[in-house]
Amino acid sequence: MREENPVSAATDLIAGIARGDRSAFERFYDLHAALAFGLIRRIVRDRDAAQEVLQEVFWQIWQDAPSYDPSRGSPEAWLVVRAKSRAIDRLRAMRRREQTFVAPVDERVAAAPGNRGDDPAMAAEDRGLAQGALEQLPGPQRRALELAFLEGLTQSEIAARLGEPLGTVKTRIRLGLERLRAAFKVDSA
Amino acid sequence: MSREIGGEELRELAAGYALGSLDGDDRARFEALLRAGDRDARRELRQFEETLARVAAERPEAPPPAVKAALLARIAAAPRVAAAGDGSRVVPLPSRPRRRIWTAVLAGAMAAGIAAIAVGLAVSTRYERRLEALGQEAAALKAELERQASVLAILRDPATQVVALNGLAPSPTARARMMWHEKAGGILVATGLPPVPEGKAYQLWAIAGQGAPVPAGVFTVDAVGTGSLRVPPLPGVTRVDVFAVTLEPAAGVPAPTGPMFLAGKSA
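Rendered as structure tokens:
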């Protein structure tokens, strides 16, 4: 039973935020902003866009704290669901914009570093310097999970992208997430 | 119909739902289970969401302090419920003093100044000098509060454009944010700029379309390369397409002459 866990400090903080306690919000931000920002950056890449998404996510936390239900999951999971969905929304908007018009961009602006996914730190991570549980999954499972988690594709879009049957994609996503769940020992509820 | 979906299929749906990657039909099926209060569906979903939180937690990245500062300013400037903006909340929370925080601080500061003056007069004229200092302090405080209130007004106005400026060749790692409101002016916050040479200053430019750059003020940076500038409304300037920062003589110049350190296009 997860309920055996003592009510976490983070849950208390959410309750404080729900009451409009700004210091609780500040502490929750201090404890969890890096978690959310790391994920947002992996999704939208662009650092400035990621900062805007992070601000929106925590603004939403401030607004929505009264609706948080601890029986549905930890504050961390609650935050990650929001961060992921906002970041994917942003990613889709950026892609739409890229596809629908080519702005007469000032070349010096376009040439400035950090506008796109060319940040050296991100590139280092992409070269495999950071090895997390996701990176240790078998290739096909990892690929399907990343397309869903970090690129925001639906299962049928992933199937089309990879040229695999939909059923295969569904199975890979399930197997991959089950393997991660076991690796993190997130079991029994 | 409690157990038509189970086992692998249920976990498949829960995994896809946690990732937000289910296609329409599958999503509708899983949401129906959740609505029906299916305990297995909720448990699987919850576990997969916790799993994804752990995946995210493996690669944290500290955000720049500006994000927190902006959030705290936003929270201080607006009550939680009224700021939701979608009108969907019908149950207002008990209203909190947060809404009036700056007004209250200002009123408090003024009241304190007035009280000090009254007491001082009653006690002795030898406090006159001190009173004068207090009065100046109160006036300075009031001016500072008015300045902050105007900054907050810009931050919370939906018409405010936010433009990210990126570092150019002389300082590739520099970054800045320009918050621009055509009627209220704007605020520039810059980081990572090189120290300003003697007799020089950074100058901000607002450029609309093909027009000539309009000077928008000069600023310097502190020891760590951080600087800010409050820009008054610029006569004749409404929508701005590009903001840029160049290095110029300290008094500023009517048209840019020096190297460009930062530039950004509005979205």
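Residue numbers (the numbering used here), protein chains in the order written: chain A, 134 to 322; chain B, 923 to 1189.
Just so you know, even glycine gets a beta-carbon here, dropped at the ideal spot from N, CA and C.
Every value quoted in this text rests on a predicted model; they were computed, and no experiment measured them.
*On the three-pair Cβ rule with 8 angstroms, is the segment 1115-1131 of chain B touching the segment 1079-1096 of chain B?*
yes
*asked:* Given a cut-off of 8 angstroms on the beta-carbon distance, is the pair I221(A) and I176(A) in contact?
replied: yes
*State buried or exposed for V1146(B), treating a residue as buried only when at least 16 other CB atoms are found within 10 Å of its CB.*
exposed
*Between which two residues does the beta strand (DSSP E) carrying L1087(B) extend?*
Here the beta strand (DSSP E) through L1087(B) covers Q1083 to G1089.
*Is any beta-carbon of chain A found at less than 8 angstroms from that of F1165(B)?*
no
_Unbroken beta strand (DSSP E) run spanning A1185(B), endpoints_ = M1182 to K1187
*So which residues of chain A does F970(B) contact, with C-beta pairs closer than 7 angstroms?*
Those within 7 angstroms of F970(B) in chain A are L310 and R314.
*asked:* Can you confirm whether T1142(B), when its beta carbon is compared against all beta carbons of chain D, has any partner nearer than 8 angstroms?
replied: No chain D appears in the structure shown, which is made up of the protein chains A and B.
*Coarse secondary structure for L941(B), derived from DSSP in three states*: The answer is coil: DSSP assigns L941(B) none of H, G, I, E or B.
*Boundaries of the beta strand (DSSP E) in which A1098(B) is found, first to last residue*: It spans R1097 to H1103 - the beta strand (DSSP E) in which A1098(B) sits, taken as one unbroken run.
*asked:* What does the Cβ neighbour count give for V1143(B), buried or exposed, with the cut at 16 atoms within 10 Å?
replied: buried
*asked:* With a threshold of 8 angstroms between beta carbons, is L993(B) in contact with chain A?
replied: yes
*Can a CB atom of chain B be found closer than 8 angstroms to the CB of S218(A)?*
yes
*Return the first residue and the last residue of the beta strand (DSSP E) that Q1125(B) is part of.*
K1122 to I1129
*asked:* Against L267(A), what residues of chain B qualify as contacts under a CB-to-CB distance less than 8 angstroms, listed in chain order?
replied: Result: V977 and E980.
*Under 7 angstroms by beta carbon: chain B residues contacting E297(A)*: Under the 7 angstroms cutoff, chain B gives no residues; its nearest Cβ is about 14 angstroms from E297(A).
*Report yes or no: do three or more beta-carbon pairs, one from the segment 952-968 of chain B and one from the segment 285-302 of chain A, lie closer than 8 angstroms?*
no
*Please confirm whether D1163(B) and I1109(B) have their CB atoms less than 8 angstroms apart.*
no
*May I have the straight-line CA-CA distance separating I147(A) from D181(A), to the nearest angstrom?*
27 angstroms
*Taking 8 angstroms as the threshold, find out whether the segment 934-949 of chain B comes into contact with the segment 181-193 of chain A through three or more Cβ pairs.*
They do not touch, by the three-pair rule.
*Within the 8 angstroms Cβ cut-off, does V177(A) reach chain B?*
no
_Limits of the beta strand (DSSP E) - the one that R1152(B) falls within_ = G1149 to V1153
*If you count every other CB in all the chains shown that lies within 10 Å of the CB of P208(A), and 16 or more means buried, which is it?*
A buried status is given to P208(A), since no fewer than 16 other beta-carbon atoms sit within 10 Å of its beta-carbon.
*Measure the alpha-carbon distance for A999(B) versus D145(A) and round it to whole angstroms.*
The alpha-carbon atoms of A999(B) and D145(A) are separated by roughly 24 angstroms.
*How many angstroms separate the CA atom of R174(A) from the CA atom of L313(A)?*
Counting only the Cα atoms, L313(A) lies some 21 angstroms from R174(A).
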